[in-house]
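Asker: Residue numbers (the numbering used here), protein chains in the order written: chain A, 1 to 58; chain U, 59 to 570.
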Amino acid sequence: MSKRITKNKIFTYAVLFDIVRSAISQASGETSTQNELSIFNSMVGTIKKHKETEHVQI
Amino acid sequence: MSRYDAFTKMMARAVKDDVLPDIQFTDVTPELLGTSVEHLTESNMNAIEFPATQSNIHTAVDEYISLTENMSEHYHDLMPIRKTADQFAKQLHTGIRTLSKIKSTVTALSEKTKDMADSIMMEDASLAMTLETTLDPDIKFNKMDWSKLDHVDENFIFNDLNSTIGVEAGKAPSRAQISILVNRLPAATDFNRPELKDLEINKDAARLTLNEVAKRVGDKATRDDVKHVLTMLFSLDTHKCNVAVNTIRESMDDPTKVTSLLQMVNDFTVVLDVVGESTLKFSAPTVDELLHRKSIIKRYVDMAAYMCAYYRTVVWSDAVVVPGNRLNPDSWMSFRQGGGSSLAIAQHLACYHADSPVPRGGVSWQFIIDNRDKVLSSAKEAVATNIADVTNRKKTIIRDSFIYQATDWLNKNKKNWSRQFAHAGNPSKFAEAVYDSSIDASLESAFYKVMLNSCFVNTIVGTLYNELSDMYLRHASAGGKMTEVQCEALDMTVYANMVVKFLLEQKMIETI
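So this is what it looks like as structure tokens:
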């Protein structure tokens, strides 16, 4: 059975991705597709790690 | 091709791998986020689940693009949060630029440290053999400054005084003969104590004399030099005569005193030459006494010039290095023409005179050239038999060079010290501590620590460096040399991580 998702989640990540990509473009120049893959992975990794740490703290 | 292609692909994969935590924009700063963003991301309509296939995600992303591009209200609602992120981006940008400048400085300092350490090691043949460089550095030595004799005819004085003790022209005086000359100096023995009258030196006359002598000396000596010689003249007593005699006498056994004698000759000759009746602005009896004193001092100066000439032309006639590890410029050309170099001298001294001083007669230039092979083979042997010692000496030299360069940099950048560092502020101790705590790291890494922990304490530059170096270390440990594309990808990873961390810390987003 395939995984399920909502538009809210896609939109939220899209907004966040836009913000992060724009910030990085400002800081270090235009981003390539290859760079965007790194940005996305890093973004998700950081959030995931944050969530895990938050749970540990609780 | 859409700007969201990579995003769409990565979203689909992340959902499939189930690694996508639920997040939301918070209401901590509603005025910042705007209500429409909530509508955009949290509307009931959009809360309906559907299969996360790539095409479904693609459709949703297209809808997002259309919403943000066509609906100006959403665009404006997104602006404040973008603005905040962009402010952070500006900091990040400054951090990246600063770090890049630091990188250039670190590279330059590391090179300087290596060069400095290499040139020190080159001076020791056994250490030099372990280096990969084939450089022949120009090593600086202190030199015998014979130009201080330019105002006297030391050869005339030498031959003239020799003739008074029966030394034929062209022959070297014996030690006993030189002793006779020394003993003839005023105050050298109880039998030739100089008669010195007490003098009342009138201050105004003294000042006038100083002005006149200084004027006539011109730029051959400074006013302070003139003052020094005149003070000696005005205050000459038995004790000062004894000091002069002792300095000359000691130079017979201690050739390093020759540099003091050279100074004495230089300082006194130029000034005493213009001291006379026309420049001494005192009463006639005082002038008579001062001229008497001048003749006494002149005897010491002549004897000092004699000793300098003795060492120069007799004792060190073929020496290229003299006691005190000074270079003798008189033999330098012969030595160079014979194939010698400053490096050969340094390595010779390290081999033969590391523990014992250069002998009284100096080291002849021919001896250094003849023993060059011996120095090199004994160095080879030292490397082969005592590699641990060689390694330790190298380590010490590199450490000392690092501390020197780091301390020099810190002192030159004092105005940029962070407040926290300025409180502790002992640059050399700090440089030592950094080096000793980074013993297994590279020179570059130690220099980064020096700079970041002194001038960039608690700044984004430090965080950026730590994040980047952690990331690079993790990947380097996986092995292999990284390509430029891989390096760029790592940089992006770190930047994205920092931006997201910032948004999380600012509580603009949260996980649910």
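Note that the Cβ used here is the ideal one computed from N, Cα and C, for glycine as well.
Using the C-alpha atoms, what's the distance from Y358 (chain U) back to Q235 (chain U)?
Answerer: Residue mapping note: residue 235 (chain U) aligns to position 177 of the second sequence, counting from 1. Residue mapping note: residue 358 (chain U) aligns to position 300 of the second sequence, counting from 1. The straight-line gap from Cα to Cα measures roughly 17 Å.
Asker: For I238 (chain U) versus I215 (chain U), is the C-beta spacing smaller than 7 Å?
Answerer: Residue mapping note: residue 238 (chain U) aligns to position 180 of the second sequence, counting from 1. Residue mapping note: residue 215 (chain U) aligns to position 157 of the second sequence, counting from 1. Not in contact: I238 (chain U) and I215 (chain U) (Cβ atoms no closer than 7 Å).
Asker: Can a CB atom of chain A be found closer than 7 Å to the CB of M529 (chain U)?
Answerer: Here residue 529 (chain U) corresponds to residue number 471 of the second sequence, with the count starting at 1. Answer no: the Cβ-Cβ gap between M529 (chain U) and chain A never drops below 7 Å.
Asker: Is the beta carbon of L548 (chain U) sitting closer than 7 Å to the one on M566 (chain U)?
Answerer: Along the second sequence, one-based indexing puts residue 548 (chain U) at 490. Along the second sequence, one-based indexing puts residue 566 (chain U) at 508. No, Cβ-Cβ distance for L548 (chain U) and M566 (chain U) is not below 7 Å.
Asker: Output the distance between the C-alpha atoms of E121 (chain U) and A14 (chain A), rounded to the nearest integer angstrom.
Answerer: Indexing the second sequence from 1 puts residue 121 (chain U) at position 63. Indexing the first sequence from 1 puts residue 14 (chain A) at position 14. Their Cα atoms are separated by approximately 11 Å.
Asker: Is it true that the segment 457-468 of chain U meets the segment 161-179 of chain U, where meeting means three or more beta-carbon pairs spaced less than 8 Å apart?
Answerer: The segment 457-468 of chain U vs the segment 161-179 of chain U: in contact.
Asker: Report the residues of the segment 6-31 of chain A with a CB closer than 9 Å to any CB of chain U, ordered along the chain.
Answerer: If the cut-off is 9 Å between Cβ atoms, the segment 6-31 of chain A has T6, K7, N8, K9, I10, F11, T12, Y13, A14, V15, L16, F17, D18, I19, V20, R21, S22, A23, I24, S25, Q26, A27, S28, T31 near chain U.
Asker: To the nearest angstrom, report how far apart F83 (chain U) and T12 (chain A) are at their CA atoms.
Answerer: Residue mapping note: residue 83 (chain U) aligns to position 25 of the second sequence, counting from 1. Residue mapping note: residue 12 (chain A) aligns to position 12 of the first sequence, counting from 1. In a straight line, the C-alpha of F83 (chain U) is about 8 Å away from that of T12 (chain A).
Asker: Beta-carbon separation of I81 (chain U) and T569 (chain U) under 7 Å?
Answerer: For the purposes of this step, residue 81 (chain U) is taken as the residue at position 23 of the second sequence. For the purposes of this step, residue 569 (chain U) is taken as the residue at position 511 of the second sequence. Yes, they are a contact pair.
Asker: Can you tell me where the beta strand (DSSP E) holding P109 (chain U) begins and where it ends?
Answerer: As a first step, residue 109 (chain U) must be located in the second sequence, where it is residue number 51. Where P109 (chain U) is concerned, the enclosing beta strand (DSSP E) stretches over 107-109.
Asker: Residues of chain A with a CB under 7 Å from the CB of Y553 (chain U): which are they?
Answerer: Translated into positions along the second sequence, residue 553 (chain U) becomes position 495. Chain A residues near Y553 (chain U): I24, A27, S28.
Asker: Is T53 (chain A) close to chain U? Criterion is C-beta to C-beta, closer than 7 Å.
Answerer: Counting from one through the first sequence, the residue named residue 53 (chain A) turns up at place 53. No, T53 (chain A) does not count as interfacial toward chain U.
Asker: Looking only at C-alpha atoms, which of U:E563, U:S232, U:T296 sits nearest to D248 (chain U)?
Answerer: Within the second sequence, residue 248 (chain U) is the residue found at index 190, counting from 1. Nearest C-alpha to D248 (chain U): U:T296.
Asker: Does I58 (chain A) have its Cβ less than 7 Å from a Cβ in chain U?
Answerer: Numbered from its first residue, the first sequence carries residue 58 (chain A) at position 58. Only weak support is given to the placement of I58 (chain A): the predicted model assigns it a pLDDT of 45, under 50, and the question is left unresolved by the model.
Asker: Quick check on L338 (chain U): does DSSP put it in helix, strand or coil?
Answerer: One-based indexing of the second sequence puts residue 338 (chain U) at position 280. It is coil, neither helix nor strand.
Asker: In the segment 112-131 of chain U, which residues sit with their C-beta less than 9 Å from some C-beta in chain A, listed in chain order?
Answerer: Residues N114, I115, A118, V119, E121, Y122, I123, L125, T126.
Asker: Expressed to the nearest angstrom, what Euclidean distance is found between the alpha-carbon atoms of D196 (chain U) and S400 (chain U)?
Answerer: Translated into positions along the second sequence, residue 196 (chain U) becomes position 138. Translated into positions along the second sequence, residue 400 (chain U) becomes position 342. Cα-Cα distance, rounded: 6 Å.
Asker: Taking just the CA atoms, how far does R307 (chain U) sit from K44 (chain U)?
Answerer: No information on residue 44 (chain U) is available, as it lies outside the stretch 59 to 570 that chain U covers here.
Asker: Is it the case that the Cβ atoms of L291 (chain U) and R351 (chain U) are separated by a distance below 7 Å?
Answerer: Locating residue 291 (chain U) in the second sequence gives position 233, counting from the first residue. Locating residue 351 (chain U) in the second sequence gives position 293, counting from the first residue. Their beta carbons are under 7 Å apart, which means L291 (chain U) touches R351 (chain U) by this criterion.
Asker: I'd like the span of the beta strand (DSSP E) that includes Q377 (chain U), first residue to last.
Answerer: Looking up residue 377 (chain U) in the second sequence gives position 319. A small fix is needed here, since residue 377 (chain U) is Ala in this sequence, not Gln. Element bounds for A377 (chain U): 377-380.
Asker: On the three-state DSSP scale, how would you describe L434 (chain U)?
Answerer: Translated into the one-based positions of the second sequence, residue 434 (chain U) becomes position 376. Note: L434 (chain U) maps to helix in three-state DSSP.
Asker: What is the DSSP secondary structure of F460 (chain U), counted as helix, strand or coil?
Answerer: Taking the first residue of the second sequence as position 1, residue 460 (chain U) is located at position 402. Note: F460 (chain U) maps to helix in three-state DSSP.
Asker: Kindly say whether A72 (chain U), judged by its beta-carbon, lies nearer than 7 Å to any beta-carbon of chain A.
Answerer: Numbered from 1 along the second sequence, position 14 holds the residue referred to as residue 72 (chain U). It does: the Cβ of A72 (chain U) has a partner Cβ on chain A nearer than 7 Å.
Asker: Classify P415 (chain U): buried if its beta carbon has 16 or more other beta carbons within 10 angstroms, exposed otherwise.
Answerer: The residue given as residue 415 (chain U) occupies position 357 in the second sequence. Burial call: exposed.
Asker: If we define contact as Cβ-Cβ less than 7 Å, is K3 (chain A) a contact residue for chain U?
Answerer: As a working note, residue 3 (chain A) is residue 3 in the first sequence. Yes, its Cβ sits closer than 7 Å to a Cβ of chain U.
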